[in-house]
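Enquirer: Okay, so the sequence shown: first residue is 2 according to the working numbering, each after it adds one. Ideal Cβ positions, reconstructed from N, Cα and C, are used throughout, including at glycine.
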Amino acid sequence: MSKKTAWFEMEEHETPEQCIERMRKKGYMPVLRKEEPIFQRINGEITYFRQKVMFKGELMEDNNKK
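1. Just to confirm, are K57 and E10 a CB contact at a threshold of 8 Å?
2. So the beta strand (DSSP E) E22 belongs to, where does it begin and stop?
3. Return the chain-ordered list of same chain residues with a C-beta closer than 7 Å to the C-beta of T48, the five sequence neighbours on each side being excluded.
4. Return the chain-ordered list of same chain residues with a C-beta closer than 7 Å to the C-beta of T6, the five sequence neighbours on each side being excluded.
5. Does the distance from the CB of P31 to the CB of M24 come in under 8 Å?
6. Is E59 helix, strand or coil when you go by DSSP?
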C-alpha cells in the first residue's frame, strides 16, 4: 500500500511541469509547493547556492473518494 502523501523534490535540471508529470505517473496530485534556499561554504564564506523546490502530493485515488 502506498503512502497517502509524499514529497517530491524537483531535480536540478527539471522544470516544475516535468516534476508534476513525474508525480502524476506515480499516482500523486500536487497540493503544496515548498521552497527553501540552499547555501554552501566557499573559502569560509557562506553563499547562496540554489533554491530547493519540493511538491507535496496526495494519492489521486483518495481525491476521487471525497
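Expert: On the basis of the coordinates in this document:
1. Here the question's residue 57 lines up with position 56 in the sequence shown. Here the question's residue 10 lines up with position 9 in the sequence shown. The answer is no: Cβ separation not under 8 Å.
2. Here residue 22 refers to the residue found at position 21 of the sequence shown. Segment P17 to K26 is the alpha helix (DSSP H) holding E22; no beta strand (DSSP E) there.
3. The residue given as residue 48 occupies position 47 in the sequence shown. F40 and Q41.
4. Position 5 of the sequence shown, counted from the start, is the residue given in the question as residue 6. If we look at T6 and ignore the five residues flanking it on each side, its Cβ neighbours are K57, G58 and E59.
5. To locate residue 31, count along the sequence shown from 1; it is residue 30. To locate residue 24, count along the sequence shown from 1; it is residue 23. Their beta carbons are under 8 Å apart, which means P31 touches M24 by this criterion.
6. Counted from its first residue, the sequence shown places residue 59 at position 58. Three-state result, E59: strand.
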